[in-house]
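The numbering of the sequence shown is the numbering used here, which starts it at 10 and goes up by one.
In what follows, a structure is listed as structure tokens, so that the remarks can point back to it.
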Amino acid sequence: MVPGGGEEGASIFDQDSEQSKPLLGDDYDRDGASSAALPAGAKKKVAEYLSAAEESVSVVHRVLHGLYGHLPREDVPRIVWLSLTLFAIIGGFWLLDSLKDTVLEGTVGLEYQPRAKLVSVAVTLLLVIQYNRLVDSCSKPTLFYILGACYTLLFLLVSLVLRTAPLGLANWGTRPARVVGWVSFVAIESYGSLAVALFWAFTNATVDLEAAKASYGLVIAGAQIGAIIGSTAATLPMHNESLHVWHLYAAGGLCPALMALLVRGYVLFFGNNLPRERLTNVQGTVDSALNGLKLVLRHQYVALLFGISCLYEVVLTILDYQMKVLGVEMFRETAGDEADEHMASLMGHFGQTTNSLSLIMSLFGTSLCVRLLGLRKTLRIFPTLLVVAVVTSFFAPSLSFLFVAVAILKGLTYALNEPCKEMLYLPTSDAIKFKAKGWIDVFGSRCAKGVGSFVTLSSRGDRRRLATYGGVASFLISLILLGVSYVMGGHFDALIKSGEIVGAGEDGDDSGNAGAPPSHRGDGLGTTGGVELPPPASGDEASRQWRGRGAGAGGWSERPSLGSERPSLSTRQTVDV
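What follows is the structure, given as structure tokens:
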């Protein structure tokens, strides 16, 4: 049992849980009778009040159970902690991302944004190769610590440079030689990709499908609150003359350190819910760094995952650039020297709108949608709306329409498309979850944005040419994405029915028995401590043995804590020495 208390397997959203027991205390029975003498009128009023209160609680339980399904009480603290961690990642990223184009515009010039995205592809390639090597040589929490330390130092250094008059934003001359603009742009984009990819790989390795359906919406909701706060903070310089861009940049730069601290807290409080480790000495080996790419090319399912994860980025990059070009043109005409502040404010309001929509959807729609429609049908919603938005924007390329359309699409990306994409990783091996996912979410995403930037670059600054070239490319890619989503849904359903794990047993990965607790996995590398037990029998007999062991004997509980048919990683237990 993890911290949080309560009977194992009981859901906070079930009406038969402890939290939904009758509100009547020991002094009153169901009819309002009291051990102490009370006037008849008082007894009646107490009974009516408590009856109404119980009915209200019952309604709330039914609503919550309908929205989120079965979520055990003992897993709530862990889900909240994961949500706080993503809150720190996304909150800091959105603050920095809202300033990213402002810094680029004030140092290099926004017309160089497509080139900056192409540069970020090359830099990200080097980073993801090193990331794949670290996956083999470091524990998963250590990856967070390294990432947090490196990016915190880098962002704080950039903020100091932005503060100085000769090199920072106070120097109004824009030219390609101003390195700080390029470094800022690439650092912010790479941080968002690496930190989010690592977080979801970490989370996907500790939950099953039923857990994901019940909790991913709540995790995303916490992240969107952070995104709203971060994007709102980006608008503060418009209302406070003493607050400058470099102040906000420094504040955002501290968030990677906060992420690392929260992961350390997760290790301390929920150490029996960590991904298993398989450490190898791979220093200097190029093959290990390329294993993730090999997995993408080797498995059709992973290649389809690449399409689901990356194709939409091309379209959103084109639409987002169109919106920003229109915004810069308008503010240069109307705001003059204060164009940078007005552009930062616009992007701040854009972030507020996007993340408010995403928060509402993640709280009230993500879990409900996936459980009612199924993942297969839910996967098709975003590509369908993307096609509609592309067609409409081709005929109405105004700033107001693009603002609304891109905000809605990005909101759905965070609240619906991203959780669905993460669930697709559940029937895959740990190597795919960490290594292949690193290539897909980090390098693949950067490449997709690079393709989108190549399309925008081909317009040569002509707004009409941008709308034409971008519209045709976006329409074709959106149709391809819609087709991929249809195929991917069928593959996912087939894997869930068969129980097959994609990539199990390859490249030293033994995720074929990933449902077993660490002490049963045969690699001797369980992360919870305790005595290594002999591996169980295979097949159905092993499954019966795991479910039949009582919690008091140090085994699996009879009822998996997250409502899945196979044992979930959240119920790991070992025999203490």
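Beta carbons are placed, not taken as given, at the ideal position from N, Cα and C, and that holds for glycine.
Rounded to whole angstroms, what is the Cα-Cα separation between His500 and Met356?
38 angstroms
Can you look up Pro185 in the DSSP assignment and give me helix, strand or coil?
coil
Taking 7 angstroms as the CB-CB cut-off, is Ser92 touching chain D?
The displayed structure is made up of one protein chain only, and chain D is not part of it.
Rank Pro436, Thr387, Val311 and Ile155 by C-alpha distance to the C-alpha of Ser507 and give the top, closest one.
Pro436
Quick one, are the C-beta atoms of Phe452 and Thr133 less than 7 angstroms apart?
yes
Three-state secondary structure (DSSP) of Cys319
helix
Through-space distance from Asn300 to Tyr7, alpha-carbon basis
In the structure as shown, the chain starts at 10 and stops at 586, and residue 7 therefore has no counterpart that could be examined.
If the criterion is Cβ atoms closer than 7 angstroms, does the pair Pro392 and Ser494 meet it?
yes
Closer than 6 angstroms by C-beta to Lys419: which residues in its own chain qualify, once you throw out the five before and the five after it? Chain order, please.
Thr363
Roughly how many angstroms separate the alpha carbons of Leu408 and Leu384, rounded to a whole number?
34 angstroms
For the alpha helix (DSSP H) containing Ala266, name the first residue and the last one.
Cys264 to Phe278
Start and end residues, alpha helix (DSSP H) containing His500:
Arg472 to Ser507
Flag this pair as touching only if the stretch 140 to 157 and the stretch 459 to 470 have three or more C-beta atom pairs under 8 angstroms; answer yes or no.
no
Sheet register partners of Val511 (DSSP bridge)
Thr437
Boundaries (first-last residue) of the alpha helix (DSSP H) holding Lys442:
Here Lys442 belongs to no alpha helix (DSSP H), and DSSP marks it neither H nor E.
Which residue or residues does DSSP assign as beta-bridge partners of Pro406?
DSSP, once it has assigned bridges, lists no residue as partnering Pro406.
So, under 8 angstroms CB-CB, Ile449 and Val323 are touching, yes? Tell me the CB distance rounded to an integer number of Å.
That pair is no contact at about 14 angstroms.
By how many angstroms is the C-alpha of Gly280 removed from the C-alpha of Val464?
47 angstroms
Is it true that the stretch 196 to 216 meets the stretch 81 to 99, where meeting means three or more beta-carbon pairs spaced less than 8 angstroms apart?
yes
Leaving out the 5 sequence neighbours to the left and right, which residues in its chain are closer than 7 angstroms to Lys430 when beta-carbon positions are compared?
Ile317 and Ser318
Look at the alpha carbon of Ile327 and the alpha carbon of Gly479, and state the distance between them as a whole number of angstroms.
6 angstroms
Kindly indicate which three-state DSSP category Ser146 falls into: helix, strand or coil?
helix
Residue interval of the alpha helix (DSSP H) (run including Val464):
Ser454 to Leu466
Can you grab the Cα-Cα spacing for the pair Leu93 / Tyr225, in whole Å?
13 angstroms
Taking only three categories from DSSP, how would you classify Thr215?
coil
Whole-angstrom distance between Asp502 and Leu245, CA atom to CA atom
47 angstroms
Burial state of Phe404, where buried means 16 or more other Cβ atoms lie within 10 Å
exposed
Distance between Ser129 and Val195 (C-alpha atoms, nearest Å):
5 angstroms
Please state the DSSP three-state secondary structure of Leu176.
coil
If Ala230 sits next to Leu372, beta carbons under 8 angstroms apart, how far is it from one beta carbon to the other, in whole angstroms?
5 angstroms
Pairwise C-alpha distance: Leu394 and Tyr423:
14 angstroms
Anyone know if the C-beta pair for Ser468 and Leu475 falls short of 7 angstroms?
yes
C-alpha distance - Lys444 paired with Leu302, whole-angstrom precision
8 angstroms
Local Cβ density within 10 Å of Gly548, reported as buried at 16 or more and exposed below that
Confidence is the limiting factor: at Gly548 the pLDDT is only 42, short of 50, which leaves the residue's position unreliable, though a coordinate-based value still follows. Answer is exposed; the Cβ neighbour count stays below 16.
Between the Cα of Leu257 and those of Ser168, Ala210 and Tyr330, spot the shortest distance and give me the residue it belongs to.
Ser168
Check the C-beta distance from Leu91 over to Thr212 and give it rounded, since I have them as a contact under 8 angstroms.
6 angstroms
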